[in-house]
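Heads up, the thing below is written out as structure tokens.
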Amino acid sequence: MRADKDKCIACKRCFPYCPMGKIQTYQRHAEIPGRIYIEIDQDKCTDCGMCVRANICPVNALYQEVEDWPREIRGILSNPLIEFKGSQVPGRGTEEMKTNDVKGTFLPGEVGVGVELGRPGLGAYFRDVEIVAMALMGANIGYALAEENPVTHFMSDKTIGKLRDDVLGEKATSAIIEGKCKLEKLPQALKALQKAADKVDTVFTVEVITKVTQEGEVPIKAMLEESGFWYSINTKNNLGLGLPAYDFYGEGGDS
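What follows is the structure, encoded as structure tokens:
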């Protein structure tokens with residue numbers, strides 16, 4: 179995001195709308211006497227578009243340039259209105275478990291492990307995303323990356339989770355690594371993420387996804403408790419109302 183120095187009057191109305199905090203500095207216009215304008219720190223800005231969509235600039239000084247590679251990935255991950263062509267959905271991730279009832283992405287005996295790096299006010303550079311991705315791929319747990327996920331598309335070597343060198347300096351409000359492994363490998367995946375947490379300069383949240391058993395049990399609950407990992411009781415649930423329903427157990431009906 180940028181502010182047109184010939185229009186901007188440094189009124190500061192856009193400041194509270196920036197998810198990255200105060201990343202603006204004041205500059206004195208070299209040609210318009212007495213004019214002060216703001217300059218947006220382009221390294222810290224994630225091109226989320228929030229300041230423009232808020233429509234609060236009285237002189238319409240805020241604008242988004244069409245960015246070239248690799249900076250364009252900032253908007254792809256941070257602006258929820260931009261559709262990533264690889265997944266054909268807006269936003270930084272995929273549908274995850276939201277369509278599991280009809281797609282069968284996560285089968286019984288499997289666990290989805292996703293890692294969301296960065297939050298508003300902090301963000302995440304892709305060099306940190308790479309550290310976490312390589313930790314998962316290097317844990318020897320058979321972690322399979324989600325092919326439709328934008329971060330997966332930005333990798334130069336998917337077998338080890340290595341990202342392209344030209345994107346490592348780019349930043350997003352948040353970025354998600356998505357994939358899955360066998361259920362019994364979950365403790366190893368979490369321990370690998372624990373070690374990676376000490377190496378990154380941001381925060382991240384871990385999501386775990388499993389198919390509820392036919393008896394109505396959540397198989398990861400006991401595993402997390404035995405391993406000593408805290409988990410939130412606020413879950414995202416797929417109620418299985420989609421049709422045609424995926425046949426998880428080979429019974430030929432809704433399962």
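Residue numbers (our numbering): 179 to 433.
Here a beta-carbon is modelled for each residue, glycine too, at the ideal position from N, C-alpha and C.
Rounded to the nearest angstrom, what separates residue i and residue j at their Cα positions?
| i | j | result |
| --- | --- | --- |
| Gln-366 | Ser-405 | 10 Å |
| Asn-318 | Ile-338 | 10 Å |
| Leu-255 | Val-384 | 18 Å |
| Lys-399 | Glu-325 | 27 Å |
| Trp-408 | Lys-349 | 28 Å |
| Val-310 | Pro-397 | 25 Å |
| His-331 | Gly-253 | 15 Å |
| Asp-376 | Leu-402 | 20 Å |
Of the choices the options, whose alpha-carbon is the least far from that of residue i?
| i | options | result |
| --- | --- | --- |
| Val-345 | Tyr-303, Leu-364, Gln-372 and Leu-371 | Tyr-303 |
| Gly-301 | Cys-192, Met-198, Ile-187 and Asp-335 | Met-198 |
| Pro-422 | Thr-383, Gly-282 and Leu-240 | Gly-282 |
| Ile-216 | Tyr-241, Glu-348 and Glu-294 | Tyr-241 |
| Ile-387 | Arg-305, Lys-340 and Lys-360 | Lys-360 |
| Ser-268 | Asp-343, Gly-420, Lys-276 and Leu-259 | Checking the displayed sequence, the identity of residue 268 turns out to be Pro instead of Ser. Ranking the options by Cα distance to Pro-268, first place goes to Leu-259. |
| Gln-266 | Asp-182, Val-396, Gly-347 and Asn-327 | Asn-327 |
| Tyr-427 | Lys-389, Asn-238, Asp-219 and Glu-261 | Lys-389 |
| Asn-415 | Cys-235, Ser-334 and Glu-273 | Glu-273 |
| Pro-248 | Lys-377, Gly-316 and Leu-341 | Leu-341 |
| Glu-294 | Val-378, Tyr-195, Gln-205 and Leu-419 | Val-378 |
| Tyr-424 | Glu-308, Pro-286 and Glu-403 | Pro-286 |
| Asn-233 | Gln-392, Tyr-195 and Glu-429 | Tyr-195 |
| Ile-214 | Cys-186, Leu-419 and Gly-264 | Cys-186 |
Following the continuous beta strand (DSSP E) through residue i, name the residue where it begins and the one where it ends.
| i | result |
| --- | --- |
| Gly-203 | According to the sequence provided, residue 203 is Thr. The question's Gly does not apply to it. Where Thr-203 is concerned, the enclosing beta strand (DSSP E) stretches over 202-206. |
| Ala-353 | 353-355 |
| Ile-214 | 214-218 |
| Met-198 | Taken as a continuous stretch (DSSP letters only), Met-198 belongs to no beta strand (DSSP E), as it is neither H nor E. |
| Asp-335 | 333-335 |
| Leu-295 | 288-295 |
| Glu-385 | 382-387 |
Could you check where the alpha helix (DSSP H) with residue i kicks off and where it finishes?
| i | result |
| --- | --- |
| Ala-313 | 304-315 |
| Val-244 | Looking at the DSSP string, Val-244 is not in any alpha helix (DSSP H), and its letter there is neither H nor E. |
| Val-230 | 228-231 |
| Leu-368 | 364-375 |
| Val-280 | 278-281 |
| Met-275 | Unbroken run through Met-275: none, as it is neither H nor E. |
Spatial neighbours of residue i within its chain, please: CB distance less than 7 Å, with the 5 preceding and 5 following residues excluded, ordered by chain position.
| i | result |
| --- | --- |
| Cys-223 | Met-179, Met-198 and Ile-201 |
| Ala-370 | Ala-313, Leu-314 and Ala-317 |
Between residue i and the rest of its own chain, which residues show a CB-CB distance below 6 Å, the 5 nearest in sequence each way excluded?
| i | result |
| --- | --- |
| Lys-363 | Ile-319 |
Check your understanding: Given 8 Å as the limit, is there contact between the segment 275-295 and the segment 220-236, that is, 3 or more CB pairs closer than that?
Key -> Taking 8 Å as the limit for Cβ pairs, the verdict is that the segment 220-236 does not touch the segment 275-295.
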